[in-house]
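Enquirer: Okay, handing you the structure first.
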Amino acid sequence: MQTGDYTIHIVDDEEPVRKSLAFMLTMNGFAVRMHETASSFLQFAPSVRNGVLVTDLRMPDMTGVELIRKLTSSRAGIPSIVITGHGDVPMAVEAMKAGAIDFIEKPFGDTVIIEAIQRAAELLSDKTLDTDDLAEVQTRLESLSDRERQVLAAVVAGLPNKSIAYDLDISPRTVEVHRANVMSKMKAKSLPQLVRMAMAAGFGPN
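The opening residue of the sequence shown carries number 8 in the working numbering; numbering runs sequentially from there.
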C-alpha cells in the first residue's frame with residue numbers, strides 16, 4: 008500500500024510530541040491526523056478507513072493498552088503501534104497481547120517509526136503473516152540453551168538484570184552474557200525487536 012493511501016492517527020496527550028511527530032511524518036509524505044486524547048480517538052475510530060494508529064502508552068484518560076483493547080473489542084481493525092518510555096516493557100507486552108503489532112521505545116529515530124508504520128500498513132492490504140520469517144524465528148529460539156531461554160523469558164517480562172540474577176541464582180554479569188548471547192542468536196538489533204520476535208513465536212510471559 009502506498010504512503011498516500013492511508014492516514015496515520017497520532018494519539019498523545021503531550022502537544023509538543025504530537026506535533027513534532029506529525030510534522031516529521033508529513034514531511035515524509037504521510038497523511039496525518041492528531042488526537043489529544045485516547046477517548047477522543049475512540050469516538051472517531053468508527054469512521055477510520057485505511058488508518059494506522061500510533062499511540063503513547065501512558066496517558067491520563069486511558070492507557071494505550073486500554074485504547075487498543077477497546078478498539079479490538081469493537082472490531083475497529085486499526086493496526087496499532089505503541090510508543091513507550093524506557094522501563095515499560097511489561098506494559099508494552101500487554102499492548103501486543105491486546106493487539107498492538109509493534110512497540111517502540113523513546114527516544115527513537117525517524118527511520119524506526121517510519122518502518123514500523125510501513126509494516127503496519129501492510130496489514131491494511133490483507134497480507135498474511137510471513138510464515139518463512141516466523142519459521143526462522145522459531146529456529147533461532149530452538150538454538151537457545153535452556154538458561155538462555157530462561158533469561159529471554161525474564162527479559163520479555165521486563166525484569167532487570169539484578170532481578171533475573173536473583174531469580175536464577177546467577178551473577179548479574181552472567182545474566183549480561185546470556186542476554187548478549189540471546190540477542191546474537193535471535194539476530195535482534197534492539198530490545199523491542201527481540202520482544203516482538205518472541206511474542207510472534209508465542210514465547211513470553213503468560
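The beta carbon of each residue, even a glycine, is placed where N, CA and C say it ideally should be.
Could you check the C-alpha separation between Val-55 and Thr-181 for me, to the nearest Å?
Expert: As a first step, residue 55 must be located in the sequence shown, where it is residue number 48. As a first step, residue 181 must be located in the sequence shown, where it is residue number 174. Cα-Cα distance, rounded: 49 Å.
Enquirer: How is Phe-37 classed by DSSP in three states: helix, strand or coil?
Expert: Within the sequence shown, the letter at position 30 stands for residue 37. Coil at Phe-37, not helix or strand.
Enquirer: Spell out the partners DSSP gives Leu-91 in its beta bridges.
Expert: Reading the sequence shown from its first residue, position 84 is the one you call residue 91. Reading off the sequence, residue 91 comes out as Thr, not Leu. Glu-112, per the DSSP bridge assignment.
Enquirer: So Thr-118 is in the alpha helix (DSSP H); what residue range does that whole segment cover?
Expert: Walking along the sequence shown from the start, residue 118 turns up at place 111. 117-131 is the span of the alpha helix (DSSP H), which, as asked, contains Thr-118.
Enquirer: When the Cα atoms are used, what is the spatial distance from Met-206 to Ala-102?
Expert: Stepping through the sequence shown from its first residue, residue 206 is reached at position 199. Stepping through the sequence shown from its first residue, residue 102 is reached at position 95. So the two alpha carbons sit approximately 11 Å from each other.
Enquirer: In terms of DSSP beta bridges, what is Val-18 paired with?
Expert: In the sequence shown, counting from the first residue as 1, residue 18 sits at position 11. His-42, Thr-62, per the DSSP bridge assignment.
Enquirer: Have a look at Ser-46 and Leu-74 and give me their C-alpha separation to the nearest angstrom.
Expert: One-based indexing of the sequence shown puts residue 46 at position 39. One-based indexing of the sequence shown puts residue 74 at position 67. Going by the C-alpha atoms only, they are around 8 Å apart.
Enquirer: In three-state DSSP terms, what is Asn-57?
Expert: Within the sequence shown, the letter at position 50 stands for residue 57. If DSSP states are grouped into helix, strand and coil, Asn-57 belongs with coil.
Enquirer: Have a look at His-185 and Lys-169 and give me their C-alpha separation to the nearest angstrom.
Expert: Locating residue 185 in the sequence shown gives position 178, where the first residue counts as 1. Locating residue 169 in the sequence shown gives position 162, where the first residue counts as 1. Taking the straight line from one Cα to the other gives about 13 Å.
Enquirer: Kindly give me the distance between the Cβ atoms of Val-89 and Ala-107, rounded to whole angstroms, as I take these residues to be in contact under 8 Å.
Expert: As a working mapping, residue 89 is identified with position 82 in the sequence shown. As a working mapping, residue 107 is identified with position 100 in the sequence shown. With 8 Å as the limit, Val-89 and Ala-107 qualify as a contact, their Cβ atoms being about 5 Å apart.
Enquirer: In its own chain, which residues sit with a C-beta less than 7 Å from the C-beta of Leu-136, not counting the 5 before and 5 after it?
Expert: By 1-based counting over the sequence shown, the position of residue 136 is 129. Bear in mind that the predicted position of Leu-136 carries a pLDDT of just 44, short of 50, making it unreliable; the figure below should be weighed with that in mind. So no residue of the chain qualifies.
Enquirer: Would Val-72 and Ala-105 be called neighbours here (beta carbons separated by less than 8 Å)?
Expert: Walking along the sequence shown from the start, residue 72 turns up at place 65. Walking along the sequence shown from the start, residue 105 turns up at place 98. In contact: Val-72 and Ala-105 (Cβ atoms closer than 8 Å).
Enquirer: What would DSSP say about Ile-85, mapped onto helix, strand or coil?
Expert: In the sequence shown, counting from the first residue as 1, residue 85 sits at position 78. Note: Ile-85 maps to coil in three-state DSSP.
Enquirer: If you draw a straight line from the alpha carbon of Gly-84 to that of Ile-177, how long is it in whole angstroms?
Expert: One-based indexing of the sequence shown puts residue 84 at position 77. One-based indexing of the sequence shown puts residue 177 at position 170. So the alpha carbons of these two residues sit roughly 44 Å apart.
Enquirer: Exposed or buried, Ala-127, counting other C-beta atoms within 10 Å across all chains shown (16 or more means buried)?
Expert: Residue mapping note: residue 127 aligns to position 120 of the sequence shown, counting from 1. Buried is the call here.
Enquirer: In its own chain, which residues sit with a C-beta less than 8 Å from the C-beta of Lys-194, not counting the 5 before and 5 after it?
Expert: In the sequence shown, the residue the question calls residue 194 occupies position 187. Result list for Lys-194: Arg-147, in chain order.
Enquirer: Could you check what DSSP says for Asp-68 in three-state terms: helix, strand or coil?
Expert: On the sequence shown, residue 68 is found 61 positions in, with the first residue counted as 1. In this structure, Asp-68 counts as coil in the three-state DSSP scheme.
Enquirer: Following the continuous alpha helix (DSSP H) through Lys-192, name the residue where it begins and the one where it ends.
Expert: The count along the sequence shown starts at 1 and reaches residue 192 at position 185. Unbroken alpha helix (DSSP H) run through Lys-192: 179-193.
Enquirer: In three-state terms, what does DSSP make of Val-173?
Expert: The count along the sequence shown starts at 1 and reaches residue 173 at position 166. In the sequence under discussion, the amino acid at residue 173 is Tyr, which differs from the Val named in the question. Of the three classes helix, strand and coil, the one that applies to Tyr-173 here is helix, per DSSP.
Enquirer: DSSP state of Pro-167, grouped into three classes?
Expert: As a first step, residue 167 is located in the sequence shown; it is residue number 160 there, counting from the start. Coil.
Enquirer: With H, G and I counted as helix, E and B as strand and the rest as coil, what does DSSP make of Ala-29?
Expert: Residue numbering aside, residue 29 sits at position 22 when the sequence shown is read from its first letter. Residue state, collapsed to three classes: helix.
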